[in-house]
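Trainee: I'd like to ask you about the structure that follows.
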Amino acid sequence: MKKVLLIFCILLLPFSLSLSFNSPSFIWSYVTSYQTDELMYWKVNYIQKLIDLIEDYLPFLERSGITLPITSDIEVHFIDVGQGDSVYIKLPNNVDILIDGGNNWYGDDVVTYLKSQDVDDIEYLIATHPDADHIGGLDDVLKAFEVENVYAPDVSHTTKTYNDFVLEVRNEGTYIKTAKAGITLINPALAAVIGCPSFSNVYFVGPVKNYGTDLNSWSAVMKLDFGNSSYLFTGDADRISEKDMIDNSMFLKADVLKVGHHGSDSSTSQEFLKEVNPKYAVISVGKNNNYGHPAQEVLERLEMCKVDLFRTDLQGHIIAISDGNKINFNVEPINIVNLMEDAQESTPQKTSILITHLDVSDEKVTICNNTDIDVDLTGWVLVSEVGNQKFNLPDGYILKAGKCVNILSGRNAIDEPPTNLKWTGAYIWNNDSDIAALYDAEGVLISRVEF
Ligand SMILES: [Zn+2]
Numbered sequence: 313m314k315k316v317l318l319i320f321c322i323l324l325l326p327f328s329l330s331l332s333f334n335s336p337s338f339i340w341s342y343v344t345s346y347q348t349d350e351l352m353y354w355k356v357n358y359i360q361k362l363i364d365l366i367e368d369y370l371p372f373l374e375r376s377g378i379t380l381p382i383t384s385d386i387e388v389h390f391i392d393v394g395q396g397d398s399v400y401i402k403l404p405n406n407v408d409i410l411i412d413g414g415n416n417w418y419g420d421d422v423v424t425y426l427k428s429q430d431v432d433d434i435e436y437l438i439a440t441h442p443d444a445d446h447i448g449g450l451d452d453v454l455k456a457f458e459v460e461n462v463y464a465p466d467v468s469h470t471t472k473t474y475n476d477f478v479l480e481v482r483n484e485g486t487y488i489k490t491a492k493a494g495i496t497l498i499n500p501a502l503a504a505v506i507g508c509p510s511f512s513n514v515y516f517v518g519p520v521k522n523y524g525t526d527l528n529s530w531s532a533v534m535k536l537d538f539g540n541s542s543y544l545f546t547g548d549a550d551r552i553s554e555k556d557m558i559d560n561s562m563f564l565k566a567d568v569l570k571v572g573h574h575g576s577d578s579s580t581s582q583e584f585l586k587e588v589n590p591k592y593a594v595i596s597v598g599k600n601n602n603y604g605h606p607a608q609e610v611l612e613r614l615e616m617c618k619v620d621l622f623r624t625d626l627q628g629h630i631i632a633i634s635d636g637n638k639i640n641f642n643v644e645p646i647n648i649v650n651l652m653e654d655a656q657e658s659t660p661q662k663t664s665i666l667i668t669h670l671d672v673s674d675e676k677v678t679i680c681n682n683t684d685i686d687v688d689l690t691g692w693v694l695v696s697e698v699g700n701q702k703f704n705l706p707d708g709y710i711l712k713a714g715k716c717v718n719i720l721s722g723r724n725a726i727d728e729p730p731t732n733l734k735w736t737g738a739y740i741w742n743n744d745s746d747i748a749a750l751y752d753a754e755g756v757l758i759s760r761v762e763f
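Add 312 to the 1-based position in the sequence shown for the numbering used here, that's all there is to it.
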């Protein structure tokens with residue numbers, strides 16, 4: 313017994329030299345400072361043994377007047393980033409997790425939101441997959457905060473948005489760790505050290521395998537167990553990956569489900585819902601988006617499961633707080649039946665302002681007003697998604713009913729309003745592949761065309 317205590321004291325020596333025992337955040341930073349370097353694997357083992365010992369000798373520590381973290385609440389914030397995803401998780405003892413950062417132009421909003429929550433640094437940053445509506449804002453987050461660990465699935469992309477993300481990870485002095493089924497971020501022992509209740513655990517249940525160029529299927533799917541409450545964050549995982557997760561016997565049961573792919577019918581299959589059996593569902597989706605998200609079929613399936621539903625497009629930021637047992641939301645759930653009835657009663661809205669033409673070699677985008685009223689395009693923005701370049705429509709520009717306007721760039725660009733508007737003399741559009749997206753003054757996606 314004496315020998316074990318002696319080993320214990322030797323192991324604790326680094327703490328006693330430089331750290332205060334009643335300040336658990338020091339323990340956390342000490343533990344994680346070694347996790348960033350895989351080459352120092354033995355040190356991680358050393359720390360793990362230390363954590364095990366702390367657990368074993370809890371009564372001894374308590375008798376010695378050493379204070380370990382007190383269990384406190386978990387907060388899960390589904391940040392309203394329009395048509396995209398960004399979820400901030402605040403664990404006890406200032407351990408912060410961020411899953412995705414919305415589109416490029418939401419980066420600053422996400423940073424402001426995190427600062428409003430007193431985030432000092434981010435312990436775990438997860439990029440679910442390389443699509444712009446998920447990783448676009450992450451370069452701004454990486455610039456604004458110290459980030460200790462970055463996880464993403466083992467798939468890359470050719471877009472500038474993806475390159476910006478990878479570059480900022482490098483600038484952070486770290487590297488991307490692989491997110492895949494079976495990888496654990498925070499095991500129960502580490503969770504106990506940071507003050508989570510028993511049975512807490514954070515790990516990936518997807519992706520289960522290689523999905524080639526199907527980026528949505530690659531989505532990193534994170535499971536979070538906090539005491540007796542549980543959460544499943546699915547990114548844009550579709551039915552194929554949902555089936556693989558079920559077949560892989562992953563334990564998917566969760567109280568709160570972040571509904572896959574903004575409520576698209578390509579996700580949230582009946583089988584998957586049966587497996588997860590959620591009490592609450594959150595859809596992160598843009599107002600009046602061009603994709604028709606969330607799909608009526610998904611709303612019907614969620615209604616059949618009797619879940620309490622929350623939506624960022626209708627309710628803004630959605631916040632779930634739990635003590636490890638009960639989960640409380642900042643807003644009341646939406647009545648799904650009323651929502652579906654309203655949708656059926658309203659005459660289907662014809663998309664009225666459209667990008668009708670994207671010619672990347674001629675550097676020309678055509679936008680047409682198919683309504684019978686003139687529309688003021690002040691504050692509207694045309695975006696080249698690959699280059700993340702933006703053109704602000706001129707103040708006071710009116711697109712007349714039934715008329716079209718060309719937005720021109722490159723050497724031959726001319727400015728002849730109201731028919732031709734010059735963006736720039738530079739070349740904007742990527743000739744291999746690009747996407748033109750048009751947003752109104754409130755940031756709502758109005759039309760999107762892929763070349
Ligand atoms: Zn998405």
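Idealized CB from N, CA, C, for every residue including glycine.
Taking the beta carbon of TYR592 as the centre, do at least 16 other beta carbons fall within 10 Å, making it buried, or is it exposed?
Mentor: Locating residue 592 in the sequence shown gives position 280, counting from the first residue. The residue is buried, with at least 16 neighbouring Cβ atoms inside 10 Å.
Trainee: Which residues mark the beginning and the end of the alpha helix (DSSP H) in which GLN608 is found?
Mentor: On the sequence shown, residue 608 is found 296 positions in, with the first residue counted as 1. 608 to 616 is the span of the alpha helix (DSSP H), which, as asked, contains GLN608.
Trainee: Starting from THR736, follow its DSSP beta bridges and name the residues at the other end.
Mentor: Reading the sequence shown from its first residue, position 424 is the one you call residue 736. BP columns for THR736 point to SER721.
Trainee: Based on the DSSP output, what are the partners of HIS389 in its beta bridges?
Mentor: Here residue 389 is taken as the residue at index 77 of the sequence shown, counted from 1. DSSP lists TYR400, ILE631 as partners of HIS389.
Trainee: In the DSSP output, which residue or residues are listed as bridge partners for ASP408?
Mentor: Taking the sequence shown and counting its residues from 1, the one referred to as residue 408 is at position 96. Partner(s): LYS402.
Trainee: Does the beta carbon of HIS574 fall short of 8 Å from some heavy atom of ligand 1?
Mentor: Along the sequence shown, one-based indexing puts residue 574 at 262. Result yes, Cβ under 8 Å from ligand 1.
Trainee: Are ASN724 and GLU675 closer than 9 Å when you measure CB to CB?
Mentor: Along the sequence shown, read from residue 1 onward, the residue named residue 724 stands at position 412. Along the sequence shown, read from residue 1 onward, the residue named residue 675 stands at position 363. Against a cut-off of 9 Å, the Cβ pair of GLU675 and ASN724 comes out as a contact.
Trainee: Check THR668 in the structure and name its three-state DSSP category.
Mentor: The residue labelled residue 668 in the question sits at position 356 within the sequence shown. It is a strand residue.
Trainee: On a Cα-Cα basis, can you pick out the residue from ALA444, ASP654, ASP686 that is closest to VAL478?
Mentor: Translated into the one-based positions of the sequence shown, residue 478 becomes position 166. That would be ALA444, whose Cα lies nearest to the Cα of VAL478.
Trainee: I need the boundaries of the alpha helix (DSSP H) containing GLU583, first residue and last residue.
Mentor: Within the sequence shown, numbered from 1, the residue matching residue 583 stands at position 271. Its alpha helix (DSSP H) spans residues 582 to 588.
Trainee: Are there any heavy atoms of ligand 1 lying less than 8 Å away from the beta-carbon of HIS446, as far as the coordinates show?
Mentor: Residue numbering aside, residue 446 sits at position 134 when the sequence shown is read from its first letter. In this structure, HIS446 has its beta carbon less than 8 Å from a heavy atom of ligand 1.
Trainee: Just the C-alpha distance for GLY737 and SER721, rounded to the nearest angstrom, thanks.
Mentor: What you label residue 737 is simply residue 425 of the sequence shown in a count that begins at 1. What you label residue 721 is simply residue 409 of the sequence shown in a count that begins at 1. Roughly 5 Å between the two C-alpha positions.
Trainee: Based on DSSP bridge pairs, tell me the residues matched to VAL533.
Mentor: Start at 1 with the first residue of the sequence shown, and residue 533 comes out as number 221. VAL533 pairs with GLY518.
Trainee: According to the Cβ coordinates, are ILE495 and VAL407 closer than 9 Å?
Mentor: The sequence position of residue 495 within the sequence shown is 183, counting from 1. The sequence position of residue 407 within the sequence shown is 95, counting from 1. The answer is no: Cβ separation not under 9 Å.
Trainee: Distance, Cα to Cα, LEU497 vs ALA532?
Mentor: Position 185 of the sequence shown, counted from the first residue, corresponds to residue 497. Position 220 of the sequence shown, counted from the first residue, corresponds to residue 532. Those two C-alpha atoms are separated by around 13 Å.
Trainee: Determine the burial state of LYS427: buried for a count of at least 16 other Cβ atoms within 10 Å of its Cβ, exposed for fewer.
Mentor: To locate residue 427, count along the sequence shown from 1; it is residue 115. Label assigned to LYS427: exposed.
Trainee: Does at least one heavy atom of ligand 1 sit under 8 Å from the Cβ of GLY699?
Mentor: Start at 1 with the first residue of the sequence shown, and residue 699 comes out as number 387. The beta carbon of GLY699 sits no closer than 8 Å to any heavy atom of ligand 1.
Trainee: Please give me, in chain order, every unbroken run of the alpha helix (DSSP H) with length at least 4 that falls completely inside the segment 474 to 517.
Mentor: Those alpha helix (DSSP H) runs which fall completely within the segment 474 to 517 and span 4+ residues are 500 to 506.
Trainee: Going by beta carbon distance, what residues of the same chain come within less than 8 Å of GLN701, once the five residues before and after it are set aside?
Mentor: Numbered from its first residue, the sequence shown carries residue 701 at position 389. Correct list, in chain order: VAL695, ILE740.
Trainee: According to DSSP, is TYR592 helix, strand or coil?
Mentor: Working through the sequence shown from its first residue, we reach residue 592 at position 280. In this structure, TYR592 counts as strand in the three-state DSSP scheme.
Trainee: Can you pull the DSSP bridge partners for SER424?
Mentor: Residue mapping note: residue 424 aligns to position 112 of the sequence shown, counting from 1. A quick correction: the sequence has Thr, not Ser, at residue 424. Beta-bridge pairing by DSSP links THR424 to no other residue.
Trainee: For ASP556, which option in ASN522, LEU621, ASP577 has the closest C-alpha, if you only look at C-alpha atoms?
Mentor: Locating residue 556 in the sequence shown gives position 244, where the first residue counts as 1. In this structure, ASN522 is the residue among ASN522, LEU621, ASP577 with its C-alpha nearest to the C-alpha of ASP556.
Trainee: By Cβ distance, which residues of its chain are closer than 7 Å to ARG613, with the 5 residues on each side in sequence left out?
Mentor: Counting from one through the sequence shown, the residue named residue 613 turns up at place 301. Contacts found: THR580, GLN582, LEU585.
Trainee: Provide the residue(s) that pair with ASN678 in DSSP beta bridges, ordered along the chain.
Mentor: Taking the sequence shown and counting its residues from 1, one reaches residue 678 at position 366. The sequence given here places Thr at residue 678; Asn does not occur at that position. Residue pairing of THR678 in beta bridges, as defined by DSSP: HIS669, ASN718.
Trainee: Is it the case that the CB of ASP392 approaches a heavy atom of ligand 1 more closely than 8 Å?
Mentor: Mapped onto the sequence shown, residue 392 falls at position 80. No, the beta carbon of ASP392 sits no closer than 8 Å to any heavy atom of ligand 1.
Trainee: Beta-carbon of LEU450 versus every beta-carbon of chain D: anything under 9 Å?
Mentor: Among the chains in the structure shown there is no chain D, since it carries only a single protein chain.
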